[in-house]
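Residues 1 to 159 in full-length UniProt numbering are what the sequence shown spells out, letter by letter.
For every residue, glycine included, the Cβ atom is placed at its ideal position computed from N, Cα and C.
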Amino acid sequence: HGGLGKTTLARKVYNSNQVKNHFHCHAWVYVSNECRVKELLLGLLKHLMPNSEQQRRGNKKDKKNVEDVNNLSEDELKKLVRNCLEGKMYLLVVDDLWKSQDWDEVQDAFPDNNNGSRILITSRLKEVALHAGDDVPHYLQFLNEEESWELFCRKVFKG
Numbered sequence: 001h002g003g004l005g006k007t008t009l010a011r012k013v014y015n016s017n018q019v020k021n022h023f024h025c026h027a028w029v030y031v032s033n034e035c036r037v038k039e040l041l042l043g044l045l046k047h048l049m050p051n052s053e054q055q056r057r058g059n060k061k062d063k064k065n066v067e068d069v070n071n072l073s074e075d076e077l078k079k080l081v082r083n084c085l086e087g088k089m090y091l092l093v094v095d096d097l098w099k100s101q102d103w104d105e106v107q108d109a110f111p112d113n114n115n116g117s118r119i120l121i122t123s124r125l126k127e128v129a130l131h132a133g134d135d136v137p138h139y140l141q142f143l144n145e146e147e148s149w150e151l152f153c154r155k156v157f158k159g
């Protein structure tokens, strides 16, 4: 279901200092039902290549390197993502994944370093969540009327 707070919860985890201090690197990519694998990989690389933003402002040679990344094939981009993650403990958030086949197309870009790296996937579709990994999915529930009222009061009255 949409609107349960999957993305909000994932964002809270992703942005927590405890998580940021635990992982060597982290990246967030929004997928949606119109997944384009190349755009997804480029989005990850923006987070994983910390000097790419500086390169854009740098000299012409560095600018060319950033442009070269945009011209890479999907397979080359997967290798580059994999190289950025290899040997690191990473957290990736793949937000709003709709299709199992989209996961199948990108998962080989993520090395299993056996070092505590994690990939957090949000999806409104149970079959996608089950397909994407061996871990049991965490299902968010709607709040009942009493829980909704308590949350409302906490937010409105700050206490």
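| For the region 106-122 against the region 72-92, are there 3 or more C-beta pairs whose distance is under 8 Å? | At 8 Å Cβ cutoff, the stretches touch.
| request: Check Arg124 in the structure and name its three-state DSSP category. | output: If DSSP states are grouped into helix, strand and coil, Arg124 belongs with coil.
| message | Taking 8 Å as the threshold (C-beta atoms), are Val31 and Asp102 in contact? | response | A Cβ-Cβ contact shorter than 8 Å links Asp102 with Val31.
| message | Assuming the contact rule is C-beta atoms closer than 8 Å, His26 and Leu91 should be a hit. Round their C-beta distance to whole Å, please. | response | So it is a contact: roughly 4 Å between Cβ atoms.
| Which stretch, first to last residue, makes up the alpha helix (DSSP H) that contains Tyr14? | Per DSSP, Tyr14 belongs to the alpha helix (DSSP H) from Lys6 to Asn15.
| Whole-number beta carbon distance between Asn113 and Gly133, since they are thought to touch under 8 Å | That belief does not hold up - the Cβ atoms of Gly133 and Asn113 are roughly 15 Å apart, past 8 Å.
| said: Contact defined as beta carbons within less than 8 Å: I believe Leu48 pairs with Cys84. What is the distance between those atoms, to the nearest angstrom? | reply: Right, their Cβ atoms sit about 4 Å apart.
| query | Between Glu145 and the rest of its own chain, which residues show a CB-CB distance below 8 Å, the 5 nearest in sequence each way excluded? | reply | The answer is none, since no qualifying residue turns up.
| Cβ pair Val128, Leu97 closer than 8 Å | Yes, the pair counts as a contact, with Cβ atoms nearer than the cut-off.
| Is it right to say Thr122 is buried, meaning 16 or more other beta carbons lie within 10 angstroms of its own, or is it exposed? | Counting the other CB atoms within 10 Å of its CB gives Thr122 a total of 16 or more, which places it among the buried residues.
| query | Going straight from the alpha carbon of residue 165 to that of Lys126, what length do you get? | reply | A question about residue 165 goes unanswered here, because the residues of the chain that appear run from 1 up to 159.
| Among Val81, Val37 and Val93, which residue has its Cα nearest to the Cα of Arg11? | Ranked by how close their Cα comes to the Cα of Arg11, the residues Val81, Val37 and Val93 have Val93 in first place.
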